[in-house]
Amino acid sequence: MRSRRRAMVVACFLAPSLLIFIVYRILPLVWNVVLSFEYWSPLHPATWAGLDNYQEMLQDDDVFWQALWNTLIFLGSQPIAIALALGIALLVNSDLKGATVYRTIVFLSYPLMTVAVAIIWHWMYNERGGLINYALRQLGIIHQPIAFLDSFAWALPSTIVANTWQVLGFFMIVLLSGLQNIPLHLYEAARVDGAPAWARFFRITLPMLRPSVFLCLVIGMLNSFSAFDLIYVMTNGGPGHATELLITYIYKQGFVSTRFDYAAALTVAQFAMLLLLTWIAHRAVGGNAGAIE
Amino acid sequence: MRWRRILLSRFFIVPAVLLLGTGAWNVYVDLHAHGLLEGRVVDPAGKPVAGATVILSVHDFVTQVEKARTRTDSAGRFRFDDNPSHLIQLQAQDGTEASPRVTIRLWFRGQDRVVQEPLRLAPSA
Amino acid sequence: MRKLWWRHAALIVISVIMLAPFYWLLKTAITSENIYEYPPHLLPVRPQLFNFVDVWYLIPFPRYLFNSIVVSLIAVAGNLVLNAMAGFALTLPFVGRRSVIVLLLSCTLIPFQATIIPAYLITAHLGLLNSYLGLALPLLSTIVCIFIFKASFDAVPRSLIDAARIDGLGEMRILLRVMLPLSTPAIATNIVLSFIWSWNNFLWPLIITRSQDMQTLPLGLARFLSYMEDTTDALYAFVVMVLAPGLLVFLMAQSAFMRGLTTGATKG
Chain A
1 MRSRRRAMVV ACFLAPSLLI FIVYRILPLV WNVVLSFEYW SPLHPATWAG LDNYQEMLQD
61 DDVFWQALWN TLIFLGSQPI AIALALGIAL LVNSDLKGAT VYRTIVFLSY PLMTVAVAII
121 WHWMYNERGG LINYALRQLG IIHQPIAFLD SFAWALPSTI VANTWQVLGF FMIVLLSGLQ
181 NIPLHLYEAA RVDGAPAWAR FFRITLPMLR PSVFLCLVIG MLNSFSAFDL IYVMTNGGPG
241 HATELLITYI YKQGFVSTRF DYAAALTVAQ FAMLLLLTWI AHRAVGGNAG AIE
Chain B
1001 MRWRRILLSR FFIVPAVLLL GTGAWNVYVD LHAHGLLEGR VVDPAGKPVA GATVILSVHD
1061 FVTQVEKART RTDSAGRFRF DDNPSHLIQL QAQDGTEASP RVTIRLWFRG QDRVVQEPLR
1121 LAPSA
Chain C
2001 MRKLWWRHAA LIVISVIMLA PFYWLLKTAI TSENIYEYPP HLLPVRPQLF NFVDVWYLIP
2061 FPRYLFNSIV VSLIAVAGNL VLNAMAGFAL TLPFVGRRSV IVLLLSCTLI PFQATIIPAY
2121 LITAHLGLLN SYLGLALPLL STIVCIFIFK ASFDAVPRSL IDAARIDGLG EMRILLRVML
2181 PLSTPAIATN IVLSFIWSWN NFLWPLIITR SQDMQTLPLG LARFLSYMED TTDALYAFVV
2241 MVLAPGLLVF LMAQSAFMRG LTTGATKG
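Dropping the structure here:
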């Protein structure tokens, strides 16, 4: 009686949220998988396509491979960003006067609209009015301006720099909270035992940070999806497809070419890659999402 | 006493200040936005020119549209009464002489403005 | 202690690098020079604020602002209500609780961008394209925020809850009278996180809106850039005006924001 009433209450309380997640997360995922095996457009009924979409994706589509490669490079930059953030977190994690000010300054870029960040950095890279070319020329490093976002070689690294600028603060906060949760007595014991600073770092700090690092890695991987805003506004995948990520390609196939079925196959491919990389990260931090006994 | 904490918290003060500021600004704008635009036209020697034509054109980012014309009176002064925009250009013409285009940027649409610098005619080349 | 200045120096260099883009943006928005000529000046030349006037009148900025505010209000209100209820339900023992928690945790791995095509089709079926509700619907509840509430509710002493039950309070009353008043940090964090996510959302409005007067701020910004491209420096004034509300909210609520991210992080 009471437990049944409680079950009803629980159901009522959970229902709205669960409904949102089922309708907008789980159902779309399943729908994407189903759609990837069909030929479908809004005007024609669905017909079974078997693996045709995937075959086209893997064998006939050069843009897919380019986008995949770009996405992998993008993902590869995340650990570098995490390492930088760890350095900043270590610097800020002390009884430094004004540590909160530094923390806020580094974090300031994270809550900004990514569209705005893209425009800001687009301007920073501009050949005439941009700070980057100006600084490089003033310092004598280059003598002609480099059109960063128009060059095949520099476009992707440039967007990666912009993205790193934005997420650095988030990684720093996560790592900082991880650092502050490390019990101090471990350090004391190590110091008593005569361990030098670098040994303390590698034997105590890094292992205790495993859950935070795992979280940063997962967020970094999800970043390759949410980088859509940045790429779309900064370069729209150009020049050519030099900065095309899988997610921008999915958007173009789905909403510009209205090939919903093919875009669904691409989405499934990217999601599978995300799961695979998450699993690898999971193993890399020692299983169990890095949790510490 | 909980009310006092709420009233003094920054979540109340900041929006309140913003709202008050916006209200005060709107009042100021209403009092000063009649679209009045006055100025003078002088010849290359600095003497006022009567009967010169002054053209007012309204700008946005890509277009410019001529909106009104008027003539200067005997003292070389001109006046527009219904300037609708905040970004305008003025040019004076008298026969073959014309002044350079002067861009005027206002703080709000229809702001009353007396243009200090006279429009200086110069012989067109 | 002896290494203190070294840390300060490093942090100052880092701060300068992190703040440089902000400064460059601001300088570009208020300078009078021709920004498309090389070399640019490091300081604004004859600073003026007229670009902001241009943005206010010549771009439907007030309309975009209004749309963004409405959508964010719906999203924040929905988040508070739905997440508090769901977080509370997760603190009660019931059959299948663990499975629901695992289900929700695994949903966090499904990024929004992986759902855009079916989400668009579903919203079209519901007839909610180009509407405020359609814009806010996928954002009405977030899993991270549910767990923030759950953690906060778990910390409420059992004695209070038991006392309330003995007094015969229904579950909803328990939530409203006992749990929520003790969870103001969680509420603040929820508000800030859901506001930021709905305010900054770009891809969803891009797909859903069909007419210009339903566009939100990020969309308006991108649209302005796409048809004006590099021809006007009012773009940068537009960016400043777009960033101002978000930055203001963040600066006011930064402690709640950062606390929320870390608790969400460690619970996730």
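Protein chains in written order, with our numbering: chain A, 1 to 293; chain B, 1001 to 1125; chain C, 2001 to 2268.
The beta-carbon is built from N, C-alpha and C at its ideal position, and this holds for glycine as well.
Everything numeric in this text was worked out from a predicted model, so none of it was measured.
Backbone CA spacing between residue i and residue j [nearest angstrom]
i	j	result
C:M2252	C:W2024	24 Å
A:P42	A:A269	22 Å
A:L156	C:V2178	52 Å
C:G2268	C:R2259	Because C:G2268 carries a pLDDT of 37, less than 50, the predicted location of this residue cannot be relied on, and the following value inherits that uncertainty. Computed Cα separation, rounded: 14 Å.
A:Q55	A:D261	13 Å
A:V256	A:P145	34 Å
A:E293	C:V2081	Low confidence applies here, because A:E293 scores a pLDDT of 44, under 50, leaving its location unreliable; read the following figure in that light. Whole-angstrom Cα-Cα distance: 36 Å.
C:L2026	C:H2041	13 Å
A:I182	A:T205	8 Å
B:V1017	C:P2021	29 Å
A:N133	A:Y125	7 Å
A:D95	A:Y187	16 Å
C:V2239	C:P2205	18 Å
A:S3	C:I2166	15 Å
A:N70	A:R210	27 Å
C:I2116	B:V1027	46 Å
A:A135	C:T2031	19 Å
C:G2168	A:R6	13 Å
A:V11	C:P2093	For the record, residue 11 of chain A in the displayed sequence is Ala; it is not Val. Cα to Cα, the separation comes out at about 12 Å.
Whether residue i touches residue j by CB criterion (8 Å)
i	j	result
C:I2099	C:T2216	For clarity, residue 2099 of chain C is Ser in the given sequence; the question names Ile instead. It is not a contact, given that the beta carbons lie outside the stated cut-off.
C:L2235	A:I231	no
C:V2192	B:F1108	no
C:G2220	C:I2074	no
A:L168	A:S158	no
A:V117	A:R103	no
A:L51	A:L246	no
A:V233	C:A2164	no
C:S2151	C:A2256	The residue you asked about is not Ser; residue 2151 of chain C is Ala in the sequence shown. No, the pair does not count as a contact, with Cβ atoms beyond the cut-off.
B:D1112	B:H1032	yes
C:Q2113	A:F74	no
C:L2160	C:W2197	no
B:L1037	B:R1079	yes
A:I219	C:S2141	no
B:V1041	B:A1122	no
C:V2045	C:E2037	no
C:T2232	B:F1011	no
C:S2183	C:F2149	yes
C:N2083	C:C2145	yes
A:L29	C:I2110	yes
A:I142	A:S77	no
A:L217	A:A272	no
CA nearest to the CA of residue i, picked from the options
i	options	result
C:A2124	C:S2255, C:V2013, C:A2244, C:I2208	C:I2208
C:P2245	C:I2122, C:L2065, C:T2031	C:L2065
C:Y2120	A:W279, A:G254, A:L274, A:M273	A:G254
A:L84	A:L176, A:L35, A:L29	A:L176
B:Q1089	B:T1070, B:V1041, B:R1040, B:R1105	B:R1105
A:V101	C:A2188, C:S2015, C:P2181	C:S2015
A:P111	A:L206, A:F171, A:L209	A:F171
A:M221	A:L18, A:L277, A:L186	A:L277
C:I2012	A:L266, A:A197, A:G98	A:G98
C:L2043	A:S94, A:G129, A:L215, A:D95	A:G129
A:S224	A:A153, A:Y249, A:I88	A:Y249
B:S1057	B:G1021, B:R1101, B:L1020, B:H1034	B:R1101
C:D2213	C:Y2057, C:P2047, C:F2061, C:M2018	C:F2061
C:A2009	A:I88, A:A281, A:G237	A:I88
A:L18	C:A2029, C:T2108, C:W2005	C:T2108
A:L86	A:V115, A:D193, A:P239, A:F214	A:F214
C:L2135	C:V2070, C:P2181, C:L2243, C:N2051	C:V2070
- Query: Between the region 2222–2250 of chain C and chain B, which residues of the former have a C-beta closer than 8 Å to a C-beta of the latter?
  - Reply: M2228, T2231, T2232, A2234, L2248
- Kindly provide the ranges of any alpha helix (DSSP H) runs that are 4 or more residues long and lie completely inside the region 29–70 of chain A, ordered along the chain. 52–55
- Any residues in the region 2202–2213 of chain C with a beta carbon nearer than 7 Å to a beta carbon of chain A? Which ones, in chain order? F2202, L2203, I2207
- Contact residues within the region 244–270 of chain A, judged by C-beta distance below 8 Å to chain C: I247, I250, Y251, G254, F255, F260, A263, A264, T267, Q270
- Message: Extract the residue ranges of the alpha helix (DSSP H) inside the region 2006–2077 of chain C, only unbroken runs of 4 or more that lie entirely within it.
- Response: 2050–2058
- Which residues, taken in chain order from the region 1085–1107 of chain B, show a beta carbon closer than 9 Å to some beta carbon of chain C? S1085, H1086, L1087, R1105, L1106, W1107
- Item | Proximal residues, the region 2163–2191 of chain C versus chain A, C-beta separation under 9 Å | G2170, E2171, M2172, L2175
- Counting only runs that start and end within the region 2178–2250 of chain C, where is the alpha helix (DSSP H) found for 4 or more residues in a row? 2184–2199, 2203–2208, 2217–2228
- Pick out the complete alpha helix (DSSP H) segments inside the region 74–146 of chain A, 4 residues or longer, and give them in chain order. 99–107, 114–124, 131–138
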